[in-house]
Each structure stands twice: as C-alpha cells, then as structure tokens.
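Trainee:
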C-alpha cells in the first residue's frame, strides 16, 4: 500500500509539473528569406522569452554564448487566441512587435511588421533527437 501511495504521489507531481509548461517552450528553427536562426523559448512569470542560439543572415553569423545568453524575444503574453505583445530584437538593435499562434504542436506562426509591411514567419520545433545529433 505504501508503494502504491508513493507511485501515485509521483504521478500526480509529474502531471502537475507538466501542466505548468507552456506549449511553445522549447527550441525552434526559422529559415526565412532574410535569415535563419534557432531560438530557445522559455516561460517566466507568465510571459515567454527567447534566447538566441544561432543566427545567420549571410553577412553575420552568431552563436549562443553560454556565459551571457542573448534574450532577443521578450514579453510574449499567452492569451486565448495565441500569444501577443512580444518584442523580437534584431541584431541592429531595433525591435519588432510580434504575435504568435501555435498552428500545430511543432509549428509556430509568428507575425510582425517588417519594413512597414506585415510579415509572417513559420518556426519549426527542434525535436530532441535533432538536438542530440547536433542539427
């Protein structure tokens, strides 16, 4: 009986912790006509933040610095119809207000205004096996 209670407690704890994770947390890749990048999204105090892990626009290539992470996505707020009010900072220091919608488990649609025009990117989730293979 004690074993059953211990197992039940572990299951309840695991399920409750899993519920706390936002569905868009994880590592995402984007390849647009302007650049390619990899971001790691995390949830903090009810908002989503993103670290830059890799960036390449053909002229400049950046990689994550473990000692000083670069949070280039800030304040993305989860809502009923997706995520809104986020800021995505470019390497030029400018930021773009963004909204995002999780279209499928591994597909995130990110909308912003770029050079005065609406712009949409599709971000693809990086699977665990891709991370371990160094892709």
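In our numbering, the protein residues as written are 1 to 135.
Glycine is no exception: its CB is placed at the ideal position from the N, C-alpha and C atoms.
Report the residue from 98, 107, 72 whose alpha carbon sits nearest the alpha carbon of residue 90.
Mentor: Mapped onto the chain shown, residue 90 falls at position 90. When only C-alpha atoms are compared, the closest one is 72.
Trainee: Rank 58, 95, 25 by C-alpha distance to the C-alpha of residue 33 and give the top, closest one.
Mentor: As a position in the chain shown, residue 33 is number 33, starting the count at 1. Nearest option by C-alpha distance: 58.
Trainee: Assuming residue 47 and residue 76 form a contact by the criterion Cβ under 8 Å, report the distance between their Cβ atoms to the nearest whole angstrom.
Mentor: In the chain shown, counting from the first residue as 1, residue 47 sits at position 47. In the chain shown, counting from the first residue as 1, residue 76 sits at position 76. Yes, residue 47 and residue 76 are in contact; Cβ-Cβ is about 6 Å, under 8 Å.
Trainee: On the three-state DSSP scale, how would you describe residue 33?
Mentor: As a working mapping, residue 33 is identified with position 33 in the chain shown. Residue state, collapsed to three classes: coil.
Trainee: Residue ranges of each beta strand (DSSP E) run of no fewer than 3 residues wholly in the region 47-92, ordered along the chain?
Mentor: 47-56, 61-63, 71-79, 82-89
Trainee: Name the one or two DSSP bridge partners that residue 111 has.
Mentor: Position 111 of the chain shown, counted from the start, is the residue given in the question as residue 111. Residue 111 is bridged to 99, 120.
Trainee: For residue 84 and residue 78, I'd like the C-alpha separation in whole angstroms.
Mentor: Counting from one through the chain shown, the residue named residue 84 turns up at place 84. Counting from one through the chain shown, the residue named residue 78 turns up at place 78. Cα-Cα distance, rounded: 7 Å.
Trainee: Put residue 40 into one of helix, strand or coil per three-state DSSP.
Mentor: Start at 1 with the first residue of the chain shown, and residue 40 comes out as number 40. DSSP places residue 40 in strand when its eight states are reduced to three.
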